[in-house]
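Chains as they are written, first to last, in the numbering used here: chain A, 1 to 293; chain B, 1 to 293.
Note that CB positions come from ideal geometry on N, CA and C, so glycine has one too.
2 protein chains.
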Amino acid sequence: MLNLAQVETFVAVVEQGGFHEAARHLGVSQPTVTQHIKKLEADLVRPLIVRAHGSAGTTSHGAAFLPFARTLLRIAGRARAALDSRGLVIGASSNIGVYLLQPLVKAFAEALPDFGPVDLRIAGNPDIARRLEDSEVDIGLMEWWDDRPGFEAQVWREEPVVVIVPPDHPWAGRASVDKAELLAEPLIGGEPGTGTARLLERELGIAPEALKAGPQLGSTEAVKQAVRAGLGVSLTLESAVRDETASGALHALSVRERPLAKSLYAILADNLPAASPARAFGEFLRPAAPAGV
Amino acid sequence: MLNLAQVETFVAVVEQGGFHEAARHLGVSQPTVTQHIKKLEADLVRPLIVRAHGSAGTTSHGAAFLPFARTLLRIAGRARAALDSRGLVIGASSNIGVYLLQPLVKAFAEALPDFGPVDLRIAGNPDIARRLEDSEVDIGLMEWWDDRPGFEAQVWREEPVVVIVPPDHPWAGRASVDKAELLAEPLIGGEPGTGTARLLERELGIAPEALKAGPQLGSTEAVKQAVRAGLGVSLTLESAVRDETASGALHALSVRERPLAKSLYAILADNLPAASPARAFGEFLRPAAPAGV
DNA sequence: ACACGTTACGGCAACCGTAAGGATT
DNA sequence: AATCCTTACGGTTGCCGTAACGTGT
């Protein structure tokens, strides 16, 4: 099989008109150029270059080979460019993508531009999982992970989860509520697959059936509006409601028995090359600020 | 730079749907396939293949790379084919090409068809020398050689040279003439650059000026016709007049002082790869029948 | 147990750079 | 002498096959 490095050297010799210039142009030593040409000629079993003092030209075989050589290099370059231009595709679940990740994506793209453009795709958690399986995204930032094989998960953050109520709610002046109070209020559900139900069950021992379920809405934004409208209370990532708590549009409380926090995971296929953009982004996330910022 | 062997393995894995089948198809061991894919993924810094039990598929990166991979292999194959189809170009001086070489060319093409088609180009000796310099021919069969650098010469044959006279010539019944007799007859010249004058000077000590020169014709065929027409005698390769001496159209004599013979040379560029068609033909010529056949 | 792919390892060749050696101008 | 290419050589790396090892069916 042809060696493209040798082919590149051949083209350089022809274009630069000499071994010495070709070596300089390619950034290799000059004997390497000699060797490349010799190897290529041996491989093709044809002389390609006529060595004359001061001017290296092609033989008739070399002339016949030259257009193929240029084409091969062009295609190889395009292949690499096509992959590079795809850049890094990050998949993030809605809350993470909307409220947490965007500044980090920007910082990564600026700090390590060599990995090419960064594309952030926001979708529901189950959809991100599917896209990981299908290699549609290179790294997934999710609110749960089920340790399915073929992937490695790292806990990215432990993000606080708070109860939100409208400003005119009886709890509005308090810092926390207890489990019993929570069970008595209609609990508005947000996006499915975010693991909130699992969190309640694991941390507070609340079975899904025990809840007084309010409307099940599809997005965190919808939940916020519902809570403000007085349809019930809800649980969200603290970072998702920071603007509203600051402005007083919503009031956030912790749970007295146990401050809730949700683990956010970064998921990568476990066969990624060490220097891949996805791994680089995973490493970039590691020194992220501790939970709660 | 991309490694085309790895690219070929990648395509094989995709087409065969598995590492095992790809290895069998390529004729390599299965771990080699693993290694090729890993190296290629590391090189492109993207995962290309999704390893699943029973079915290997591409990642999105792999799918993007696949058409480039196929194109690269196709171009590489075409480049090789383009060079192979050029085959071997043999340059031969007129006498050699017309009277001696054709059966050998046929035998070579049949004995070693792997070297591709064989093209025989017949021209004058100086033109063959020029074509060798310009790499327009891969091997030259000539009647002289001046040991210019960059080429290797091997003596192919010592081919007898005879004096030819018409059947009604006074010498027609004899087997030889001597130098003095030769000098007295008009000597018809053939194709320039065949080294006949050099031969006379070296072997018989005849200076060019001492000759009673007849017309200088451009080709051996013209010389034969001139001799038959009685314009003079001439010197030719014995093999060039075998038909005519057999039919009685011409009579051939040797020179008494010293039987004349001309060295025929095979000339190759000295930088040819060992397995090149030109070298193969050169080797093919070596065991040729001894001079005089 | 079987089928598939990966890891480990050892031998061999490829590759590259430095240094020295022609050859030509 | 200067330029250009080739040869020689050693250290490193790449490459491939055999064998042993996971892993999922």
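Comparing alpha carbon positions, the residue from Gly17/A, Arg242/A, Leu268/A and Gly193/A closest to Val155/A is Leu268/A. In this structure, the beta-carbon distance from Met1/A to Leu4/B falls below 8 Å. Here the alpha carbons of Arg258/B and Arg202/B stand approximately 11 Å from one another. Looking at the backbone, the Cα of Pro160/A and that of Asp84/A are separated by about 37 Å. Ala76/B sits buried, since 16 or more C-beta atoms from the chains shown fall within 10 Å of its C-beta. In summary, no residue of the segment 220 to 233 of chain A has a CB separated from any CB of chain B by less than 7 Å.
Annotation for Thr236/A: the continuous beta strand (DSSP E) segment containing it runs Val233 to Leu237. When DSSP states are grouped into helix, strand and coil, Leu217/A belongs to the coil group. Close partners of Pro149/B in chain A (Cβ separation under 8 Å) are lacking, with about 11 Å as the shortest Cβ gap. Around Asp138/B, the same chain offers Leu88, Val89 and Ala278 as residues with beta carbons nearer than 6 Å, after the five sequence neighbours per side are excluded.
Here Ala153/B carries a strand assignment [DSSP, helix/strand/coil].
Straight-line spacing of the CA atoms in Leu260/B and Thr58/A works out to 41 Å. Within 10 angstroms of the beta-carbon of Glu209/B lie fewer than 16 other beta-carbons, which makes it exposed. Gln6/A sits buried, since 16 or more C-beta atoms from the chains shown fall within 10 Å of its C-beta.
Straight through space, the alpha carbons of Ile49/B and Val98/A are spaced by roughly 31 Å.
If only complete runs of 3 or more residues are kept, the segment 83 to 109 of chain A shows the beta strand (DSSP E) at 88 to 93, in order along the chain. Not a single C-beta of chain B is nearer than 8 Å to the C-beta of His36/A. The alpha carbon of Trp171/A has as its nearest neighbour, out of Gly230/A, Lys212/A and Gly195/A, the alpha carbon of Gly230/A. Assignment of Val28/B by DSSP, reduced to helix, strand and coil, places it in the coil class. Non-local beta-carbon contacts of Gly189/A in its own chain, meaning distances under 6 Å to residues more than five positions away in sequence, involve Gln216 in chain order.
Where Ala52/A is concerned, the enclosing beta strand (DSSP E) starts and stops at Ile49 to Ala52. For Thr32/A, the closest Cβ of chain B is not nearer than 8 Å.
Positions of the alpha helix (DSSP H) runs, each at least 4 residues long and wholly inside the segment 137 to 186 of chain A, are given as 179 to 184 in order along the chain.
Using a Cβ distance threshold of 8 Å, Gly91/B and Gly140/B count as a contacting pair. Between the C-alpha atoms of Gln225/A and Ala129/A there is a straight-line separation of about 28 Å.
Leaving aside the five residues that flank Gly218/B on each side, the residues in its chain whose CB is nearer than 7 Å to its CB run, in chain order, Glu191. The three-state reading of DSSP puts Lys212/A in coil, since its state is none of H, G, I, E or B. Burial state of Ser94/B is buried, judged by a 10 Å Cβ sphere holding 16 or more other Cβ atoms.
The beta-carbon distance between Arg174/B and Leu250/B, rounded to whole angstroms, is 14 Å. This is too long to meet the 8 Å contact definition.
When DSSP reads this structure, Arg121/A sits in a beta bridge with Gly91/A. For the C-beta of Ile75/B, the chain A residues within less than 8 Å are, from N- to C-terminus, Phe68, Thr71, Leu72 and Ile75. Scanning chain A for C-beta atoms nearer than 7 Å to the C-beta of Val50/B yields Ser135, reported in chain order. Distances from the CA of Gly195/B to each of Leu72/B, Pro186/B, Leu235/B and Ala180/B were compared; the closest alpha carbon is that of Leu235/B. Rounded to the nearest angstrom, the Cβ distance from Ile96/A to Leu264/A is 6 Å, consistent with a contact under 8 Å. Closest in C-alpha terms to Ala63/A, from the list Pro186/A, Val11/A and Ala222/A, comes Val11/A. When the five nearest sequence neighbours on each side are left out, the beta carbons in the same chain lying within less than 8 Å of the beta carbon of Leu187/A are those of Leu211, Lys212, Ala213, Gly214, Gly232, Val233, Ser234 and Leu235, in order along the chain.
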